[in-house]
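Each residue of the first sequence is one higher than the last, beginning at 542 in my numbering.
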Amino acid sequence: MDPKPKRKKGYQSPTGMHDILPPEQRYFQKIYGTCENIANFYGFQKIETPILEEAELFSKGIGLSTDIVEKQMYVFRTKGGDWLALRPEGTAPVVRAFLEHGMQNLPQPVKLWYFGPFFRYEHPQAGRFRQFHQFGFEVFGEQSAVIDAQIVQIFYNILKDLRLKKLIVEVNSIGDSQCRPYYKKLLVSYLKYRLDSLCSNCKRRVRENPLRTFDCKEEKCQRIKAQAPQIIDHLCEECHNHFREFLEFLDELDLPYSLNPYLVRGLDYYTKTVFEILEEGGPSKPALVGGGRFDNLCKVLGREVIPACGGAAGIERIIEAMRAKDKKYLKYPLPKIFLAQLGNLAKRKSIKLFEDFRQNKIPVAESFGRDSLKTQLTTADRIGAQITLILGQKEVLEGTIIIRDMKTGRQETIKLEKVVKEMKKRLKKIKPGTNSRINPNDTNIY
RNA sequence: GUGCUCGUAGCUCAAUUGGUUAGAGCGUCUCGCUGUGGCCGAGAAGGUUGCCGGUUCAAGCCCGGUCGAGCACCCCA
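This is the structure in structure tokens:
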């Protein structure tokens, strides 16, 4: 082999993609667990779709002219010549799976949820990464607005369960294929008339995506937007009724929502209901959750029209919000008992004893690789163990073991064969609270 | 894709503005004599200053490029 240029420094992860290190894992576990509980209660079943899909699924489903498809998708060609994409979002794949497996033949509605990584090629920023994680909830085969409201409620509940406060739910309706084109024309003609007073960005938007003009932060555009016709005043009867019902259900649920007539979403498949949940604290905060109804998507990706509604939440963003609240990382649960050993004979007995504890479902920590008792006690202290069991040569020969109370330093010796039972008894007395000392590995990585 | 800022031990940061061998705290490891943790003391490991090149007698510091991070635009979860 040729001498290759040597890499002097190690590798680093690709732009905008991060390792999820042990301290961060606690958050993922916590969020996953919360989702799972809520999903079970509301009758949602978990689905996992591949990370790769045919690229066309997204260009058809999300819309060709959306930013996601136009410039943010990781697309590549396989050896077999297929164009595949790293999934940039979760709804289109779930719809694909729904149709592919004939789930329209299952009792309706079909409720599915997912949790996993997604990919978008864009400049990383706070709460925005190239590989990020979302969980989502989707309901198929239900056209009533009651499900729209329940979807909002589900995401709201999850965030609440994660102890996030000061949440704002913003809702809007963007109509359907009946009324939206009509409204679009109306809006465009309104804007065209005032084109000169708009910023250069918005001039472009008027042509390409007039609804997006509402997002502009320029003051002059804001003023024009304030006078602009609003879509909720131009909904067709069906959409109007649907939206009214939706709001009634939200009222009934006591959800603190606010109507945002300028809320439009960047994906083409939405119809009627759209919503976002964000944290209070200025417009700079990105939405934690976004979603809405997508009654046309099944038709676009398949044959039948199947009404559907759902939403997705950004896990990194939620973690960010959780951490801003609590500052510290969630702690790993650590065993309250540490098993120390001394000498070869004791070490042999210890690894066996350790297994006895496992069979009795008693969590125990150890440091078998270390021989010094001092070091083992240091470790026991560091993980916050409340009891250290010490098994040395002498104890093995006597068939006993020492129980050391780490707080008081008091020690007693008991029969080795009784230790498992004894520990079981003592664990019940120890309060389920956290260990006395914090895991020193809890450092901030990002 | 465009613009601005940043990059020194595992972590948080120094280095008298271009001048000897790049330091400290925390963390890690070892020791303070036989089998006992927290406190204390002693010591060690750990960096070709993100990487590549240029200017200079001399570069962590200046210049160019590149990779990464942060922020804004854009967009979104």
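Even glycine gets a Cβ: it sits at the ideal position worked out from N, Cα and C.
- Taking 8 Å as the cut-off, the Cβ atoms of I772 and G843 do not count as close.
- Under the Cβ criterion (8 Å, minimum of three pairs), the stretch 851-863 counts as touching the stretch 664-681.
- Residues N713, I715, L752, R753, F755, D756 and V815 of the same chain have their beta carbon placed closer than 8 Å to that of V805, with the five preceding and five following residues left out of the count.
- Between the stretch 587-599 and the stretch 557-571 there are fewer than three inter-stretch CB-CB distances shorter than 8 Å, so the stretches are not counted as touching.
- For T632 and P802, the gap between their C-alpha atoms comes out near 24 Å.
- Shown here, P658 sits in a strand according to DSSP, grouped into three states.
- Taking each of L727, A849, L819 and E861 in turn and checking the Cα distance to Q666, the smallest one comes out for E861.
- Non-local beta-carbon contacts of L640 in its own chain, meaning distances under 7 Å to residues more than five positions away in sequence, involve C839, L842 and G843 in chain order.
- A Cβ-Cβ distance of about 18 Å is found for the pair Y810 and F784, leaving them out of contact under the 8 Å criterion.
- Under DSSP, Q666 shares a beta bridge with R669.
- For a cut-off of 8 Å, the C-beta gap from Q952 to I942 is around 11 Å, too long to register as a contact.
- Residues of the same chain with a CB within less than 6 Å of the CB of E679, apart from the 5 flanking positions on each side, are V635, L653 and G851 in chain order.
- The three-state reading of DSSP puts C743 in helix, counting H, G and I together.
- Per DSSP, L930 is not a residue of any alpha helix (DSSP H); the beta strand (DSSP E) it occupies stretches across I928 to L932.
- Counted as a single uninterrupted DSSP element, the beta strand (DSSP E) harbouring C850 occupies residues A849 to G855.
- DSSP, reduced to helix, strand and coil, places K726 within a helical segment of the structure shown.
- If you draw a straight line from the Cα of T607 to the Cα of A767, it comes to about 25 Å.
- Only residues of its own chain outside the window of five on either side were considered, and among them S908 have a CB closer than 6 Å to the CB of T920, listed in chain order.
- If you draw a straight line from the Cα of A638 to the Cα of I588, it comes to about 9 Å.
- Residue environment: E939 is assigned as exposed (fewer than 16 neighbouring CB atoms within 10 Å of its CB, all protein chains considered).
- Of the candidates N646, Y724 and K965, Y724 places its Cα closest to the Cα of C777.
- Proximity of the stretch 952-964 to the stretch 891-905 meets the contact definition, three or more beta-carbon pairs being nearer than 8 Å.
- When DSSP states are grouped into helix, strand and coil, Q900 belongs to the helix group.
- The straight-line gap separating the alpha-carbon atoms of R661 and D795 is approximately 35 Å.
- DSSP, reduced to helix, strand and coil, places I892 within a helical segment of the structure shown.
- The closest CA to that of D774, considering only Q645, L727 and C743, is found on L727.
- When the alpha-carbon of M863 is set against those of R618, K706, Q684 and R967, the nearest one is in K706.
- Put simply, the backbone Cα of E630 is about 10 Å away from that of V610.
- Annotation for K813: the continuous beta strand (DSSP E) segment containing it runs T812 to E820.
- Distance between P827 and G621, taken at the CA atoms: about 39 Å.
- In terms of Cβ geometry, A626 and M644 do not form a close pair [threshold 8 Å].
- G574 sits in a helix when the DSSP states are folded into three classes.
- Taking C-beta atoms as the reference points, A690 and L791 count as a pair closer than 8 Å.
- Between L968 and the set R746, L914 and I928, the nearest pair of CA atoms involves I928.
- Note on geometry: alpha-carbon atoms of L708 and I818 lie some 7 Å from one another.
- The beta carbon of E821 sits closer than 7 Å to those of K707 and I709, all from its chain and outside the five residues before and after it, given in chain order.
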